[in-house]
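Asks:
Residue numbers (the UniProt record's numbering): 1 to 113.
1. Where do the ends of the alpha helix (DSSP H) carrying residue 43 lie?
2. Please tell me whether residue 46 and residue 62 are closer than 9 Å, where the distance is taken between their beta carbons.
3. Does the contact criterion of 3 or more C-beta pairs under 8 Å hold for the stretch 71-87 versus the stretch 99-107?
4. Please state if the CB of residue 15 and the CB of residue 30 are separated by a distance shorter than 9 Å.
5. Classify residue 20: buried if its beta carbon has 16 or more other beta carbons within 10 angstroms, exposed otherwise.
6. With hydrogens ignored, establish whether the beta-carbon of residue 72 is closer than 8 Å to any heavy atom of the ligand COA.
7. Which one or two residues does DSSP pair with residue 66 in a beta bridge?
8. Measure the CB-CB distance between residue 43 and residue 11 and report whether it falls below 9 Å.
9. Which residues does DSSP pair with residue 29 in a beta bridge?
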């Protein structure tokens, strides 16, 4: 088993949550979303993010709008819908519970004497 495959699967598992979190306060276009993810070391490529954004939009969690750009073609800005915000609130709670559970398992085991 290769460690890189496991790391990639772990990142993929939280990518949806990260994208919704990025969009919680402001709309953003794909380059901004990718930049935020890359700054956080979430090694994501465009080929991964577009299908995910489409899936989130089709699920009613995101909407988008086109906006003219002064430096090129129009940009598609994504934002959370009201349903998306409620979904993110649930994910925040789930993430907190999951984080606590993982910390309990990985950090608090005391060595047997």
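Heads up, the beta-carbon is just placed ideally off N, CA and C, and yes, glycines get one too. Source: prediction; values computed, not measured.
Replies: Walking through what the data contain:
1. Per DSSP, residue 43 belongs to no alpha helix (DSSP H) and is neither H nor E.
2. no
3. no
4. no
5. buried
6. Among the components modelled here there is no ligand, and therefore nothing to report on the ligand COA.
7. 76
8. yes
9. 77
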